[in-house]
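Engineer: Here it is: the structure, laid out below.
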Amino acid sequence: MVWLGLIAFVSSYLLTRLGERWASRWRIVDDPQSAPDRKQQAHPIPLLGGTAIIIVTILFGWVPTVVPAWSELALPTTALIGLTFAALAIMVIGVIDDRYHLAPSWQLIGPGLAIVAIVLSGIGIDQITNPFGEPIRLDGHEWKIWGRTILVWSGIFSIIWLAVTTYATKLLDGIDGLVGGIGVIGAIIVFFLTLRPEVNQPEVGTLAIVFGAACAGFLIRNWHPAKVYLGESGSLFIGFFLGLLAIISGGKLATALLILGLPILDLVSVVLYRSFVLHRSPFRAADRSHLHFRLLDLGWGVRRTVGFLYAVTAIFGFATLMVTGVTKILVLTLLVVFTFILVVSLNRRIRN
119 MVWLGLIAFV SSYLLTRLGE RWASRWRIVD DPQSAPDRKQ QAHPIPLLGG
169 TAIIIVTILF GWVPTVVPAW SELALPTTAL IGLTFAALAI MVIGVIDDRY
219 HLAPSWQLIG PGLAIVAIVL SGIGIDQITN PFGEPIRLDG HEWKIWGRTI
269 LVWSGIFSII WLAVTTYATK LLDGIDGLVG GIGVIGAIIV FFLTLRPEVN
319 QPEVGTLAIV FGAACAGFLI RNWHPAKVYL GESGSLFIGF FLGLLAIISG
369 GKLATALLIL GLPILDLVSV VLYRSFVLHR SPFRAADRSH LHFRLLDLGW
419 GVRRTVGFLY AVTAIFGFAT LMVTGVTKIL VLTLLVVFTF ILVVSLNRRI
469 RN
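Heads up: the sequence shown begins at 119 in this note's numbering, then just goes up one per residue.
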């Protein structure tokens, strides 16, 4: 498993460098002149870094299925096929969007196809753990399609869950190193979670290590000042994959909520702010209302801002490995309160 992670790390770094060259040659770049109020860089930056993460994660996810010595680390073939199709959908539509700037409605095609592929491949949640009583069952109704049995409520929940995690990281991707680093932290936490006796999922742990190593290989080139950006496909895939890991690691949604808590709460706060304070659509145009931009506006540097958000993510994420049941809900509540206080205090300081 360690060797697989190391090879994935090196492969991701090399593919990231290759993606930089291709993106520059094909003019798939992020031009600072397109939004000078939000973009920090002084010159155009290549946008294909996320494709390296996607390619490495999928290719190395298949390795245990073809290496007999690692067969116990392999996911079911049906799940891998669904994951492969999902990743390709996100990558292809994302690259097209980076090059040709698709309309918002067309941008939904990639994530939409990806989420549907996961549901149709049979990946889902049978039940949600309830710390106050019996688990909430999601397997009450079934739907037959193409010879497969789909759990209706499980499928609906998975669609909503993956949509939230996917777009949480997409909207968070505003400064160097932030989303890639959260991908690394999230993968490490999921890996340790799979080692616990009550979980014991070495195949999911292997996939988490490969994904984390791929993010780390990319992060070398994305650390401030960044030489390459994730692009649309990468920013979507990291949230999508972390949400997926939560599903296939036994429905550990509370863990994923704490890993992705800041991105999700930032998404919610931005939507509310744009809707009720600015009185405009929260999705039509970007601005500096995200948490990381507010910290930068207070004079924090990029590395300080990223380090702070890393620390918050790691503290709350690793807390889930040490608590269970109602205590985990209390930790999640604490994260919500912390984020609310942080956003309110930042707004006041910026106004003053």
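All C-beta atoms, glycine included, are put in the ideal place defined by N, C-alpha and C. Keep in mind the model is a prediction, meaning the values are calculated, not measured.
Which value, in whole angstroms, describes the spacing of the CA atoms of I303 and I377?
Structural biologist: Taking the sequence shown and counting its residues from 1, one reaches residue 303 at position 185. Taking the sequence shown and counting its residues from 1, one reaches residue 377 at position 259. Taking the straight line joining both Cα atoms gives about 8 Å.
Engineer: Please determine, among V297, F359 and V184, the residue with the shortest C-alpha to C-alpha distance to T202.
Structural biologist: The residue given as residue 202 occupies position 84 in the sequence shown. Considering only alpha carbons, the answer is F359.
Engineer: Which whole runs of the beta strand (DSSP E) in the region 213-246 are 3 residues long or more, in chain order?
Structural biologist: Correct list: empty.
Engineer: Does the Cβ-Cβ distance between R412 and I468 come in under 8 Å?
Structural biologist: Working through the sequence shown from its first residue, we reach residue 412 at position 294. Working through the sequence shown from its first residue, we reach residue 468 at position 350. Yes, the Cβ-Cβ distance between R412 and I468 is below 8 Å.
Engineer: Please go through the same chain and pick out, in chain order, the residues whose beta-carbon is closer than 7 Å to the beta-carbon of S239, but skip the five residues on each side of it.
Structural biologist: Translated into positions along the sequence shown, residue 239 becomes position 121. T196, A197, I199 and G200, listed in sequence order.
Engineer: Count the other CB atoms, across all protein chains shown, that sit within 10 Å of the CB of V71; report buried if there are 16 or more and exposed otherwise.
Structural biologist: Since the first and last residues shown for the chain are 119 and 470, residue 71 lies out of range.
Engineer: Ordered along the chain, which non-local residues of its own chain (more than five positions away) have a Cβ less than 6 Å from that of K157?
Structural biologist: Within the sequence shown, residue 157 is the residue found at index 39, counting from 1. Result list for K157: P150, in chain order.
Engineer: At a cut of 8 Å, does the region 213-220 reach the region 262-276 through at least three beta carbon pairs?
Structural biologist: Segments in contact, no.
Engineer: With a Cβ-Cβ cutoff of 8 Å, do F344 and D294 count as a contact?
Structural biologist: By 1-based counting over the sequence shown, the position of residue 344 is 226. By 1-based counting over the sequence shown, the position of residue 294 is 176. Note on residue identity: the sequence assigns Ala, not Phe, to residue 344. Result yes, Cβ atoms of A344 and D294 sit closer than 8 Å.
Engineer: For P186, is the classification buried or exposed, using 16 other Cβ atoms within 10 angstroms of its Cβ as the cut-off for buried?
Structural biologist: Stepping through the sequence shown from its first residue, residue 186 is reached at position 68. Answer is exposed; the Cβ neighbour count stays below 16.
Engineer: If distances are taken between C-alpha atoms only, which option among E321, G298 and Q319 comes closest to A331?
Structural biologist: Against the sequence shown, residue 331 aligns to sequence position 213. Closest by alpha carbon: G298.
Engineer: If we count the other Cβ atoms within 10 Å of its Cβ and call it buried at 16 or more, is F394 buried or exposed?
Structural biologist: The residue you call residue 394 lines up with position 276 of the sequence shown. F394 should be labelled exposed.
Engineer: Considering only residues of the region 376-423, which uninterrupted beta strand (DSSP E) runs meet the minimum length of 3 residues and lie entirely inside it, listed in chain order?
Structural biologist: Fully enclosed beta strand (DSSP E) runs of 3 or longer: not present.
Engineer: Which same chain residues end up closer than 8 Å to Q159 when comparing Cβ atoms and leaving out the 5 residues on each side of it in sequence?
Structural biologist: For the purposes of this step, residue 159 is taken as residue 41 along the sequence shown, with counting starting at 1. Cβ neighbours of Q159 beyond the five flanking positions: D148, P150, P343 and A344.
Engineer: Report yes or no: do three or more beta-carbon pairs, one from the region 344-357 and one from the region 277-292, lie closer than 8 Å?
Structural biologist: Flag = yes, the region 344-357 and the region 277-292 touch.
Engineer: With C-beta atoms as the reference, is I233 less than 8 Å away from A281?
Structural biologist: Here residue 233 refers to the residue found at position 115 of the sequence shown. Here residue 281 refers to the residue found at position 163 of the sequence shown. Cβ atoms of I233 and A281: closer than 8 Å.
Engineer: Measure the C-alpha to C-alpha separation of E471 and S463 and round it to an integer number of angstroms.
Structural biologist: Outside the modelled stretch of the chain, which goes from 119 to 470, sits residue 471, for which no answer is possible.
Engineer: Work out the CA separation of G273 and R398 for me, nearest whole Å.
Structural biologist: Counted from its first residue, the sequence shown places residue 398 at position 280. Counted from its first residue, the sequence shown places residue 273 at position 155. Rounded to whole angstroms, R398 to G273 spans 32 Å at the Cα level.
Engineer: Specify the secondary structure class of K262 as computed by DSSP and reduced to three states.
Structural biologist: On the sequence shown, residue 262 is found 144 positions in, with the first residue counted as 1. Strand.
Engineer: Taking 6 Å as the limit between beta carbons, can you name the residues of its chain near L191, skipping five residues before and five after?
Structural biologist: Here residue 191 corresponds to residue number 73 of the sequence shown, with the count starting at 1. For L191, where only same-chain residues beyond five positions count, the Cβ hits under 6 Å are P182, P320, E321 and T324.
Engineer: Just to confirm before moving on: does the CB-CB distance between L122 and V328 stay below 8 Å?
Structural biologist: Position 4 of the sequence shown holds residue 122. Position 210 of the sequence shown holds residue 328. It is a contact, given that the beta carbons lie within the stated cut-off.
Engineer: Going residue by residue through the region 425-464, where are the continuous alpha helix (DSSP H) segments of at least 4 residues, counting only ones entirely within it?
Structural biologist: Correct list: empty.
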